[in-house]
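The sequence shown: position 195 = 434 (our numbering), numbered continuously. For every residue, glycine included, the Cβ atom is placed at its ideal position computed from N, Cα and C. So the structure is just underneath, and the comments pick up after that.
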Amino acid sequence: MPDTRRRRAAALTTGLVVIVAALAGAALLSLAIGSRAVPFDSVLTYLFDPDPSVRDSLIVTEVRIPRTVVGLLAGAALGLGGAVVQGITRNPVADPGLLGINAGAALLVVTAISVFGVTSLLGYVWFGFAGAAVAAVLVYLIGAIGRGGATPVKLALAGAAVSAALSSFTTAVLLTDVQAYDQFRFWQVGSLSGRGLDIALQATPFLVAGLALALAATRALNALALGEDVATSFGQNVNTARLIAAGSVVLLCGTATAMAGPIIFIGLVIPHIARMITGPVHRWLLPYAMLLAPLLLLIADVLGRVIARPGEVQVGIVTAIIGAPVFVALARRQRLAEL
Numbered sequence: 240m241p242d243t244r245r246r247r248a249a250a251l252t253t254g255l256v257v258i259v260a261a262l263a264g265a266a267l268l269s270l271a272i273g274s275r276a277v278p279f280d281s282v283l284t285y286l287f288d289p290d291p292s293v294r295d296s297l298i299v300t301e302v303r304i305p306r307t308v309v310g311l312l313a314g315a316a317l318g319l320g321g322a323v324v325q326g327i328t329r330n331p332v333a334d335p336g337l338l339g340i341n342a343g344a345a346l347l348v349v350t351a352i353s354v355f356g357v358t359s360l361l362g363y364v365w366f367g368f369a370g371a372a373v374a375a376v377l378v379y380l381i382g383a384i385g386r387g388g389a390t391p392v393k394l395a396l397a398g399a400a401v402s403a404a405l406s407s408f409t410t411a412v413l414l415t416d417v418q419a420y421d422q423f424r425f426w427q428v429g430s431l432s433g434r435g436l437d438i439a440l441q442a443t444p445f446l447v448a449g450l451a452l453a454l455a456a457t458r459a460l461n462a463l464a465l466g467e468d469v470a471t472s473f474g475q476n477v478n479t480a481r482l483i484a485a486g487s488v489v490l491l492c493g494t495a496t497a498m499a500g501p502i503i504f505i506g507l508v509i510p511h512i513a514r515m516i517t518g519p520v521h522r523w524l525l526p527y528a529m530l531l532a533p534l535l536l537l538i539a540d541v542l543g544r545v546i547a548r549p550g551e552v553q554v555g556i557v558t559a560i561i562g563a564p565v566f567v568a569l570a571r572r573q574r575l576a577e578l
């Protein structure tokens, strides 16, 4: 038995190394491919020795490096947050939107545009993050009312109700403010274009904090997967564990949504793909989800630049096109209700 565990651990570690290598390749493609292609050898040269007088160097350093970094951060956050939210709710079709994160971020972004006149993406980030955090806290408080605390079913119902209410307010504002709608739609579709390194730098502390909370909740998530009674018998405080895990989801997915808009299907599909490889043990599931998600996001972003040259299809649209059939295939192959 110990030998079997060691072999499995070695195989999973090798898998992580392979995914990291593939992620590096996807990042290189992201730097090289676009409306203006840049040779791979030139990309490597400009990475270590940028030349502001050369157009290709400016494209790589000023446009594509920030875009790629935001894609890596947002993808990792969405994948990790999706795995955590499915763990705490024991809901196989849960994604970050279940806790009201997307709806809360959207409402505050619209408010920033319509009421406060915010016009820069850098300004949207803070409002988006605040909206995601407030919505998630509201969902948790509503779900915690009554006997049993914040159970998975109550969280799902509270999330659906809060998301519907916040989306109604967002729609009401947009219907009365055409200018706000024109600006909001560029954020709402989900995109990595136009994002700068300043946004990535602002987001990093929140993402690091979310990662720390997710890792702290790993053991509790494994216990929760066996049921609340079993988790309690293992000495886990179920409500505290859910609160810590939910906090990580807010930090991770709230920040990712604020940075890149509501990119769908990443947080829903990737945890299932990772679970097919690792099984239900979160010690392996979380790292795999955190690495597979940015890999898919960068590949989708590159595809979006290629299929509509000289323009591009935003990554939020591409991930929906890719993610929907993948999720249907996963649902047909597995009994997802067993999560």
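field: Per-residue DSSP class, three states only, for residue 318
entry: Within the sequence shown, numbered from 1, the residue matching residue 318 stands at position 79. Residue 318 falls in the helix class under three-state DSSP.
- prompt: Quick one: what does DSSP say residue 288 is sitting in, helix, strand or coil?
  reply: Counted from its first residue, the sequence shown places residue 288 at position 49. Looking at residue 288 - three-state DSSP - the assignment turns out to be coil, as it is neither helix nor strand.
query: CB-CB under 6 Å to residue 392, same chain, minus the five flanking residues each way: which ones, in chain order?
result: On the sequence shown, residue 392 is found 153 positions in, with the first residue counted as 1. Counting only Cβ-Cβ distances below 6 Å, and skipping sequence neighbours, we find nothing.
task: Please classify residue 544: does DSSP put it in a helix, a strand, or coil?
output: To locate residue 544, count along the sequence shown from 1; it is residue 305. The answer is helix: DSSP assigns residue 544 an H, G or I state.
task: Helix, strand or coil for residue 502, going by three-state DSSP, please let me know.
output: Residue 502 sits at position 263 when you count from the first residue of the sequence shown. DSSP places residue 502 in coil when its eight states are reduced to three.
task: State the start and end residues of the unbroken alpha helix (DSSP H) segment that holds residue 458.
output: The count along the sequence shown starts at 1 and reaches residue 458 at position 219. 457–463 is the span of the alpha helix (DSSP H), which, as asked, contains residue 458.
- prompt: If we call anything under 9 Å between Cβ atoms a contact, is residue 495 one with residue 338?
  reply: Taking the first residue of the sequence shown as 1, we reach residue 495 at position 256. Taking the first residue of the sequence shown as 1, we reach residue 338 at position 99. Contact flag unset, no.
message: Is the beta carbon of residue 323 closer than 9 Å to that of residue 453?
response: As a working note, residue 453 is residue 214 in the sequence shown. As a working note, residue 323 is residue 84 in the sequence shown. Yes. Within cutoff.
Per-residue burial, residue 409 [other beta carbons within 10 Å of its own, 16 or more giving buried]: The count along the sequence shown starts at 1 and reaches residue 409 at position 170. Flag for residue 409 reads buried.
query: Would you call residue 443 buried or exposed, if buried means 16 or more other Cβ atoms sit within 10 Å of its Cβ?
result: Counted from its first residue, the sequence shown places residue 443 at position 204. Around the beta-carbon of residue 443, fewer than 16 other beta-carbon atoms lie within 10 Å, marking it exposed.
message: So for residue 345, helix, strand or coil by DSSP?
response: Counting from one through the sequence shown, the residue named residue 345 turns up at place 106. Three-state DSSP puts residue 345 in a helix.
- request: Find the nearest neighbour of residue 347 within the set 433, 418, 450, 366, judged by alpha-carbon distance.
  value: One-based indexing of the sequence shown puts residue 347 at position 108. Checking every option, the nearest Cα to that of residue 347 belongs to 366.
- prompt: Is the number of C-beta pairs between the stretch 290–298 and the stretch 467–480 that are closer than 8 Å three or more?
  reply: No: fewer than three Cβ pairs fall under 8 Å.
query: Within 10 angstroms of its Cβ, does residue 384 collect 16 or more other Cβ (buried), or is it exposed?
result: On the sequence shown, residue 384 is found 145 positions in, with the first residue counted as 1. Residue 384 is exposed by the Cβ-count criterion.
query: residue 414 to residue 427, Cα distance in whole Å?
result: Within the sequence shown, residue 414 is the residue found at index 175, counting from 1. Within the sequence shown, residue 427 is the residue found at index 188, counting from 1. Between residue 414 and residue 427, the C-alpha separation is close to 15 Å.
Short CB-CB distance (under 9 Å) between residue 398 and chain C: In summary, chain C is missing from the structure at hand, where a single protein chain is found.
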